[in-house]
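**Q**
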Amino acid sequence: MKISVLGIGYLGYVHAAYLAAIGHEVIGIDTDAARISFLHRGELPFQEAGLAQLQLQAGKRLQFSTDYRDAATAQAHFICVGTPQLPNGAGMDLKQLQECVDALLPHLTGRHVIFGKSTVPPGTTASLYRRMQKQLCSGESAVADIHLAWNPEFLSEGNAVFDSRYPQRLVIGALAGEAGDIARACAREIYAAQIAAGVPVVETNWESAELIKLSANAFLATKLSFMQGVAQLAEGTGADIAAITTALGLDSRIGQQYLHAGIGFGGGCLPKDLQAFIDLAQQANAPEVANLGRSVADLNSGRLKAVIGQALAANAGSLKGVQVAILGAAFKPGTNDCRESPGLLLAAELQLLGAEVRIWDPLLKDLPQLITELPHALNGAQLAITATAHDELLQANPHELMEFPAKPVLIDANRCLDTAKWVAAGWRLL
Ligand SMILES: NC(=O)c1ccc[n+]([C@@H]2O[C@H](COP(=O)([O-])OP(=O)(O)OC[C@H]3O[C@@H](n4cnc5c(N)ncnc54)[C@H](O)[C@@H]3O)[C@@H](O)[C@H]2O)c1
Numbered sequence: 025m026k027i028s029v030l031g032i033g034y035l036g037y038v039h040a041a042y043l044a045a046i047g048h049e050v051i052g053i054d055t056d057a058a059r060i061s062f063l064h065r066g067e068l069p070f071q072e073a074g075l076a077q078l079q080l081q082a083g084k085r086l087q088f089s090t091d092y093r094d095a096a097t098a099q100a101h102f103i104c105v106g107t108p109q110l111p112n113g114a115g116m117d118l119k120q121l122q123e124c125v126d127a128l129l130p131h132l133t134g135r136h137v138i139f140g141k142s143t144v145p146p147g148t149t150a151s152l153y154r155r156m157q158k159q160l161c162s163g164e165s166a167v168a169d170i171h172l173a174w175n176p177e178f179l180s181e182g183n184a185v186f187d188s189r190y191p192q193r194l195v196i197g198a199l200a201g202e203a204g205d206i207a208r209a210c211a212r213e214i215y216a217a218q219i220a221a222g223v224p225v226v227e228t229n230w231e232s233a234e235l236i237k238l239s240a241n242a243f244l245a246t247k248l249s250f251m252q253g254v255a256q257l258a259e260g261t262g263a264d265i266a267a268i269t270t271a272l273g274l275d276s277r278i279g280q281q282y283l284h285a286g287i288g289f290g291g292g293c294l295p296k297d298l299q300a301f302i303d304l305a306q307q308a309n310a311p312e313v314a315n316l317g318r319s320v321a322d323l324n325s326g327r328l329k330a331v332i333g334q335a336l337a338a339n340a341g342s343l344k345g346v347q348v349a350i351l352g353a354a355f356k357p358g359t360n361d362c363r364e365s366p367g368l369l370l371a372a373e374l375q376l377l378g379a380e381v382r383i384w385d386p387l388l389k390d391l392p393q394l395i396t397e398l399p400h401a402l403n404g405a406q407l408a409i410t411a412t413a414h415d416e417l418l419q420a421n422p423h424e425l426m427e428f429p430a431k432p433v434l435i436d437a438n439r440c441l442d443t444a445k446w447v448a449a450g451w452r453l454l
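Heads up: the sequence shown at position 147 corresponds to 171 in the numbering used here, and the numbers run straight through without jumps.
(1) Helix, strand or coil, according to DSSP, for Thr228 in the structure here?
(2) Measure the Cβ-Cβ separation of Pro145 and Leu238 and say whether it is below 8 Å.
(3) Which first and last residues belong to the beta strand (DSSP E) in which His171 is found?
(4) What do you get for Thr270, buried or exposed, if any count of 16 or more other CB atoms within 10 angstroms of its CB means buried?
(5) Please determine whether the Cβ atom of Arg59 lies at a distance below 7 Å from any heavy atom of ligand 1.
(6) What first and last residue would you give for the beta strand (DSSP E) that runs through Ile265?
(7) In terms of residue numbering, what span does the beta strand (DSSP E) encompassing Glu312 cover?
(8) Under 8 Å Cβ to Cβ from Ala168, same chain only, skipping five residues before and after it: list those, please.
(9) Could you give the C-beta distance for Ser28 and Ala95, rounded to a whole number, given that I count them as a contact under 8 Å?
(10) What I want to know is whether the C-beta of Cys124 ends up closer than 7 Å to one or more non-hydrogen atoms of ligand 1.
(11) Since Ala240 contacts Gly197 with CB under 8 Å, what's their CB separation in whole angstroms?
(12) Suppose contacts are defined by Cβ-Cβ distances below 8 Å. Is Ser188 in contact with Leu194 by that definition?
(13) If contact is defined by three or more beta carbon pairs under 8 Å, each pair taking one atom from either stretch, is the segment 340-358 in contact with the segment 372-385?
(14) For Gly6, is the classification buried or exposed, using 16 other Cβ atoms within 10 angstroms of its Cβ as the cut-off for buried?
(15) Please give the ranges of any alpha helix (DSSP H) in the segment 76-138, keeping only runs that are unbroken, at least 4 residues long and fully inside the region.
(16) Within the present structure, is the beta-carbon of Ile53 separated from the nearest heavy atom of ligand 1 by less than 7 Å?
(17) Would you identify the three-state DSSP class for Ala420, choosing helix, strand or coil?
(18) Buried or exposed, going by whether 16 or more other CB atoms sit within 10 Å of the CB of Pro176?
(19) Would the C-beta of Tyr34 count as close to ligand 1, meaning under 7 Å from any of its heavy atoms?
(20) Is the beta carbon of Ala338 closer than 8 Å to that of Leu454?
(21) Determine the extent of the beta strand (DSSP E) in which Trp451 is found, giving its start and end residues.
(22) Among the residues of its own chain, which have a CB less than 6 Å from the CB of Gly106, if the five just before and after it don't count?
(23) Classify Gln299: buried if its beta carbon has 16 or more other beta carbons within 10 angstroms, exposed otherwise.
(24) Go through its chain and collect everything with a Cβ distance to Ala242's Cβ below 6 Å, but skip five positions before and after it.
(25) Per DSSP, which residues does Ser28 bridge with? Please list them.
(26) Helix, strand or coil for Arg382, going by three-state DSSP, please let me know.
(27) Cβ of Ala104 within 7 Å of any heavy atom in ligand 1?
(28) In the segment 387-434, which residue ranges form an unbroken alpha helix (DSSP H) of at least 4 residues, counting only runs that do not cross its ends?
(29) So the candidates are Asn438, Ala430, His423, Glu427; which of them puts its Cα closest to the Cα of Val447?
(30) Cβ atoms of Lys389 and Gly291: under 8 Å apart, would you say?
(31) How big is the Cα-Cα spacing for Leu398 and Leu370?
(32) Measuring CB to CB, does Tyr282 end up less than 8 Å from Leu244?
(33) Taking C-alpha atoms, which residue in Gln419, Thr55, Arg155 lies nearest to Tyr92?
(34) Between Ala45 and ligand 1, is there a pair consisting of the residue's CB and a ligand heavy atom that are separated by less than 7 Å?
(35) Residue range of the beta strand (DSSP E) that Leu351 falls in?
(36) Between which two residues does the alpha helix (DSSP H) holding Val185 run?
Given below as C-alpha cells:
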C-alpha cells in the first residue's frame with residue numbers, strides 16, 4: 025500500500041522503516057528540513073538495535089520529503105508528530121497534530137484513511153475529526169472521503185525495532201459500525217503479516233484507544249515508582265532490593281519488566297504521559313487517581329533528590345569544586361535519546377550546587393561536551409554516579425578503572441552494578 029508517515033522522529037522513523045521493510049511504499053514527511061536532508065543522505069537518525077538492518081530492508085520503498093503534496097498519492101497516513109507537555113505543565117500541546125492535519129487535508133482527493141499514532145488524551149481524535157470536517161466543508165480542501173482512526177504505538181526505545189516487528193497487540197480505535205469499517209479494514213490490510221502471525225487486535229472506539237496508551241504508560245511509570253518505594257523500605261529494614269526485585273519479577277502476575285528501582289524514569293514519553301494522566305484525572309474530578317499519579321511523579325523525582333543528598337553528605341554538605349563523573353546521559357540503555365534524562369537532570373542539579381561535572385555516554389558521540397571513554401570520564405573524579413545502565417558500564421572492569429579517579433567513590437544511583445565486585449576492587453560505595 026502507498027502510505028505516508030507524518031513526523032519522522034523516534035516513533036515515525038521506526039514505523040515508516042518498518043512499513044517499508046514489510047513491502048509498503050512509504051513517504052515520510054517532516055517539517056524539519058535539516059532532519060529530512062540528513063535522512064536523504066541515508067544516515068540513521070538515532071541509535072536503536074537493528075535499525076540499520078531495518079533501513080536496509082526498507083530500501084528505496086522508504087522516501088522522505090518536507091512537502092505535504094508528496095503525501096497526496098498515499099491511501100493511508102500515519103500521524104506520528106510530537107505531543108509534548110505544554111510549557112506551563114497544563115496538559116499536552118496538540119499543536120503539531122493540528123498543523124499536521126491542516127497541512128495534509130488540502131492535498132487529498134478521493135478516499136483516505138488517517139491513523140493517529142501519537143499519544144494523546146481522550147477526546148483528541150474527536151476534536152481532530154471535527155476540525156477536519158470543518159475544513160472539508162468549508163471548501164478550503166478538495167473533496168475527499170476521509171476516515172479517521174487511532175492506532176497508538178507501544179514501542180519502547182532501546183527495543184523499538186523488535187517492538188515494531190513483534191508488537192504484543194494492535195489497537196485500532198475507530199467509529200462504531202459501518203462508519204469505522206473502512207478504517208478497520210485498512211488497518212488489517214496494512215498489518216496483515218502481523219495479524220497472520222497471531223498478534224492480537226483490539227478494535228475499539230477512539231477514546232478507548234487514546235486512554236489505552238495513556239494508561240499503559242501511566243501504569244509502567246507506577247510500576248517503576250512503586251519499586252522506588254520498595255527500595256526505600258528495603259533500605260530502612262536491611263532488606264536487599266535486588267533480591268526483592270528478582271523474586272517479585274518471578275511472579276508471572278507481576279512480571280520482570282519495568283520493575284527495576286533504578287535512577288528513575290525519563291525520556292520523551294513516560295513523564296509527559298504521566299502528567300497527561302494526572303491532568304485527565306483532575307478534569308474527570310477523580311482526585312484519588314490524580315493523587316496516585318502525583319505520588320508516582322514524586323517518588324520518581326525523589327530518587328534524584330536522594331542521590332543528591334548522598335553526594336552532599338559524602339562531601340561535608342558542599343559540592344563546590346568537587347569533580348563528579350555522571351555515568352550515562354541517555355534516559356535508558358540501548359538508545360541515545362536524552363530527553364528528560366535522569367543523568368542530565370542530575371548533572372544540572374549538581375552543577376548548580378557548585379560541582380565540576382563531566383558526563384560519560386558511549387552512545388552520544390555527536391555531543392562534543394560528552395565523554396565517550398569511561399577512563400577519560402573518571403580521570404581525576406572525586407565522585408562517580410551511575411545514571412544509565414549501558415552495557416559498557418555493566419561490563420567495565422572495576423579493577424582496571426581504579427587508577428583513574430582521584431577518589432574511587434561511587435554512588436550506584438541506577439542500582440545497576442555488581443556492587444560487591446566494585447567494593448572488592450577497592451571502590452568505596454556510598
Ligand atoms: N518515542 C517513543 O518511544 C514513542 C513511543 C510510542 C509513542 N510515542 C508518541 O509518538 C509521538 C511522537 O514521539 P517522538 O518521540 O517520535 O517525537 P519526536 O519529537 O522525536 O518526533 C516528532 C517529529 O514530528 C515532526 N513534526 C512536528 N510538526 C510536524 C508537522 N506539522 N508535520 C510533520 N512533521 C512534524 C518533528 O520535526 C519531529 O521530527 C508522541 O506523541 C509520543 O508520545 C513515542
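Beta carbons: idealized from backbone N, C-alpha and C, even for Gly.
**A** For this structure:
(1) For the purposes of this step, residue 228 is taken as the residue at position 204 of the sequence shown. Of the three classes helix, strand and coil, the one that applies to Thr228 here is strand, per DSSP.
(2) For the purposes of this step, residue 145 is taken as residue 121 along the sequence shown, with counting starting at 1. For the purposes of this step, residue 238 is taken as residue 214 along the sequence shown, with counting starting at 1. One thing to note: Pro145 has its Cβ within 8 Å of the Cβ of Leu238.
(3) Here residue 171 corresponds to residue number 147 of the sequence shown, with the count starting at 1. Per DSSP, the unbroken beta strand (DSSP E) holding His171 starts and ends at 168-174.
(4) For the purposes of this step, residue 270 is taken as residue 246 along the sequence shown, with counting starting at 1. Looking at its Cβ environment, which holds fewer than 16 other Cβ atoms inside 10 Å, Thr270 is exposed.
(5) Your numbering for residue 59 matches position 35 in the sequence shown. Arg59 Cβ: within cutoff of ligand 1.
(6) Within the sequence shown, residue 265 is the residue found at index 241, counting from 1. Per DSSP, Ile265 belongs to no beta strand (DSSP E); it is in the alpha helix (DSSP H), 265-273.
(7) Counted from its first residue, the sequence shown places residue 312 at position 288. Premise fails: Glu312 lies in the alpha helix (DSSP H), 311-338, not in any beta strand (DSSP E).
(8) Translated into the one-based positions of the sequence shown, residue 168 becomes position 144. Cβ-Cβ distances below 8 Å link Ala168 to Leu129, Leu132, Thr133, Gly134, Arg135, His136, Leu160 in the same chain, with the five nearest sequence neighbours on each side left out; the list follows chain order.
(9) Within the sequence shown, numbered from 1, the residue matching residue 28 stands at position 4. Within the sequence shown, numbered from 1, the residue matching residue 95 stands at position 71. That pair is a contact at about 4 Å.
(10) In the sequence shown, the residue the question calls residue 124 occupies position 100. Yes; taking the cut-off as 7 Å, the Cβ of Cys124 has a heavy atom of ligand 1 nearer than that.
(11) On the sequence shown, residue 240 is found 216 positions in, with the first residue counted as 1. On the sequence shown, residue 197 is found 173 positions in, with the first residue counted as 1. Between Gly197 and Ala240 the Cβ distance is about 14 Å, and since that is not below 8 Å, they are no contact.
(12) Position 164 of the sequence shown, counted from the first residue, corresponds to residue 188. Position 170 of the sequence shown, counted from the first residue, corresponds to residue 194. For Ser188 and Leu194, no; Cβs fall outside 8 Å.
(13) Taking one beta carbon from each stretch, the segment 372-385 and the segment 340-358 have 3 or more pairs nearer than 8 Å; the two touch.
(14) Outside the shown range of the chain, which is 25 to 454, sits residue 6, and nothing can be said about it.
(15) 119-128, all fully within the segment 76-138.
(16) Start at 1 with the first residue of the sequence shown, and residue 53 comes out as number 29. Ile53: yes, Cβ under 7 Å from ligand 1.
(17) Position 396 of the sequence shown, counted from the first residue, corresponds to residue 420. The answer is coil: DSSP assigns Ala420 none of H, G, I, E or B.
(18) In the sequence shown, residue 176 corresponds to position 152, counting from 1. Residue burial annotation: Pro176 is buried, with at least 16 other C-beta atoms found within 10 angstroms of its C-beta.
(19) Counting from one through the sequence shown, the residue named residue 34 turns up at place 10. The answer is yes for Tyr34.
(20) On the sequence shown, residue 454 is found 430 positions in, with the first residue counted as 1. On the sequence shown, residue 338 is found 314 positions in, with the first residue counted as 1. Result yes, Cβ atoms of Leu454 and Ala338 sit closer than 8 Å.
(21) As a position in the sequence shown, residue 451 is number 427, starting the count at 1. Neither: Trp451 is in no beta strand (DSSP E) and is coded neither H nor E.
(22) In the sequence shown, the residue the question calls residue 106 occupies position 82. For Gly106, where only same-chain residues beyond five positions count, the Cβ hits under 6 Å are Gln120.
(23) Locating residue 299 in the sequence shown gives position 275, where the first residue counts as 1. So Gln299 ends up on the buried side.
(24) Indexing the sequence shown from 1 puts residue 242 at position 218. These residues qualify, in order along the chain: Leu298, Phe301.
(25) Taking the first residue of the sequence shown as position 1, residue 28 is located at position 4. BP columns for Ser28 point to Ile51, His101.
(26) Stepping through the sequence shown from its first residue, residue 382 is reached at position 358. Arg382: strand per DSSP, three-state reduction.
(27) Sequence index remark: in the sequence shown, residue 104 carries index 80 (1-based). Per the sequence shown, the amino acid found at residue 104 is Cys instead of Ala. Here the distance from the Cβ of Cys104 to the nearest heavy atom of ligand 1 is below 7 Å.
(28) Unbroken alpha helix (DSSP H) stretches of 4 residues or longer found wholly inside the segment 387-434: 398-402, 415-418, 422-425, given in chain order.
(29) Along the sequence shown, one-based indexing puts residue 447 at 423. Nearest C-alpha to Val447: His423.
(30) As a first step, residue 291 must be located in the sequence shown, where it is residue number 267. As a first step, residue 389 must be located in the sequence shown, where it is residue number 365. Taking 8 Å as the cut-off, the Cβ atoms of Gly291 and Lys389 do not count as close.
(31) Locating residue 398 in the sequence shown gives position 374, counting from the first residue. Locating residue 370 in the sequence shown gives position 346, counting from the first residue. When rounded, the distance between both Cα atoms is 18 Å.
(32) If you number the sequence shown from 1, residue 282 lands on position 258. If you number the sequence shown from 1, residue 244 lands on position 220. Against a cut-off of 8 Å, the Cβ pair of Leu244 and Tyr282 comes out as a contact.
(33) Locating residue 92 in the sequence shown gives position 68, where the first residue counts as 1. That would be Thr55, whose Cα lies nearest to the Cα of Tyr92.
(34) As a position in the sequence shown, residue 45 is number 21, starting the count at 1. Ala45: no, Cβ never under 7 Å from ligand 1.
(35) Sequence index remark: in the sequence shown, residue 351 carries index 327 (1-based). From DSSP, the beta strand (DSSP E) with Leu351 extends over 347-351.
(36) Within the sequence shown, numbered from 1, the residue matching residue 185 stands at position 161. Note, Val185: alpha helix (DSSP H), 184-189.
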